[in-house]
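Each remark here refers to the structure printed beneath this line.
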């Protein structure tokens with residue numbers, strides 16, 4: 232399986248592709264600063280278990296299932312992207328409370344014996360660049376459903 236996109240959509244999941252995500256993040260950060268509104272990022276990552284099959288089709292099914300779960304739980308104004316093979320990031324035009332509620336819902340609904348899911352969530356701060364917020368998100372500890380957010 233290759234990770235490919237047309238610049239707008241991921242070819243496998245049809246979620247936003249990295250270039251489209253990064254452009255929207257820059258725009259949304261500027262809008263949030265101008266309007267004094269809230270913006271939160273959520274990162275989800277699924278991890279194959281040790282017993283998981285090595286077949287690519289098995290990985291594709293899990294990735295597609297998780298993408299569909301995200302689509303079902305996201306609002307129209309939110310942006311959901313696949314940024315890595317098993318990594319998904321959401322831009323929420325809302326506060327941390329909404330993000331934590333969405334995160335908990337997704338973690339509770341994810342049903343897979345072969346893949347575990349963990350997440351992290353951060354709120355944008357005033358004047359923060361897209362690179363700064365993404366670095367903070369990358370450094371944030373991923374937590375599973377039993378972890379406290």
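Numbering (this note's numbering), first residue to last: 232 to 380.
Ideal Cβ placement from N, Cα and C applies to all residues, glycine included.
A quick note: this is a predicted structure, and the numbers were derived from the prediction, not measured.
Residue 345 is a Cβ neighbour of residue 289, given a cutoff of 9 Å. Look at residue 258 here: in three-state DSSP terms it is helix. Per the C-alpha coordinates, the member of 272, 359, 243, 239 positioned closest to residue 373 is 272. In this structure the region 321-341 does not touch the region 360-367; the number of beta carbon pairs closer than 8 Å is below three. 294 is the residue among 294, 354, 269 whose C-alpha sits nearest the C-alpha of residue 279. Note: residue 318 is bridge-paired with 276 in the DSSP secondary-structure output.
Per DSSP, residue 365 is one residue of the alpha helix (DSSP H) stretching across 361-370.
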